[in-house]
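Novice:
Protein chains: 2
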Amino acid sequence: MSMGRAKLKMELIAKEKTRNTTYHKRKQGIIKKANEFSILCDVDTSIIIFPPNSNEPEIWPENPVIKSRKISLLTC
Amino acid sequence: MSMGRAKLKMELIAKEKTRNTTYHKRKQGIIKKANEFSILCDVDTSIIIFPPNSNEPEIWPENPVIKSRKISLLTC
DNA sequence: GCAACTATAATTAGGAG
DNA sequence: CCTCCTAATTATAGTTG
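Which chain is which? The protein sequence lines are H and S, in order. When the letters of the first sequence are read in order and numbered with our numbering, they come out as residues 1 to 76. When the letters of the second sequence are read in order and numbered with our numbering, they come out as residues 1 to 76.
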């Protein structure tokens, strides 16, 4: 029997496993929202995320809009 | 009497006034989500938005995390 | 044009398989 | 590690002041 969702304290999720699950769920949620935002309002939007155990940023969308906007994202 | 929220077709909002209202509401929504995501999962996140009638990007957070990550966002 | 409201849609925490 | 479930929380479309 499922318990449904519980309220979440707005602070770092201590348990690594839970934190990782939340990371993936919410990352997808934000990307979905950004995609809808772009379509509904005809706005170019880009999201840059630095995953927990990596210095390599995740950039959305894959072919960043920032390029066509004459903006460069450069690793130093 | 309020009608509550209606379902929205996933396509460009034709009416400028409605589109602008949605733009502001959803922009705040995405930023809130990104902020929560950063706190809950200890992840640096940055959002770049190009408003409809401007070439000047809106960057969140104001003091972009990307700077401390040795990433540069440069207008060409 | 804004802020507040509210009914409804959408997200998601925690669990189960 | 998934994917699915479901109740509860959260976001928000349309309206009103």
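We put the CB at the ideal spot given by N, CA and C, even for glycine. Just so you know, these numbers come straight off a predicted model, no measurement behind them.
#1: Report the neighbours of Ile47/H on chain S: residues whose CB is nearer than 9 Å to its CB, in chain order.
#2: Below 8 Å on the Cβ atoms is my guess for Asp42/S versus Leu40/H; work out the distance and round it to an integer in Å.
#3: Excluding the 5 residues preceding and the 5 following Ile48/S in the sequence, name in chain order all residues of the same chain whose CB lies nearer than 7 Å to its CB.
#4: Would you mind working out which of Asn53/H, Met3/H, Gly4/H sits nearest Glu16/H, comparing C-alpha positions?
#5: Arg19/S versus chain H: which residues are under 9 Å apart at the beta carbon?
#6: Check the DSSP bridge columns for Asp42/S and list the partner residues they point to.
#7: Using a Cβ cut-off of 8 Å, which residues of the stretch 2 to 13 of chain H contact any Cβ in chain S, in chain order?
#8: Please list, in chain order, all residues of the same chain as Leu8/S whose beta carbon is under 8 Å from its beta carbon, the five residues on each side excluded.
Specialist: Looking at the atomic coordinates:
#1: In chain order: Ile30, Ala34, Thr45, Ser46, Ile47, Ile48.
#2: Distance from Asp42/S to Leu40/H at the Cβ level is roughly 31 Å; contact not present, criterion being Cβ atoms closer than 8 Å.
#3: Cβ within range, chain order: Pro57, Ile59.
#4: When each option's Cα is compared against that of Glu16/H, the closest is Asn53/H.
#5: The answer, in chain order, is Leu40, Cys41, Asp42.
#6: Paired residues: none, contrary to the question.
#7: Residues Leu8, Met10, Glu11, Leu12, Ile13.
#8: Around Leu8/S: no qualifying Cβ.
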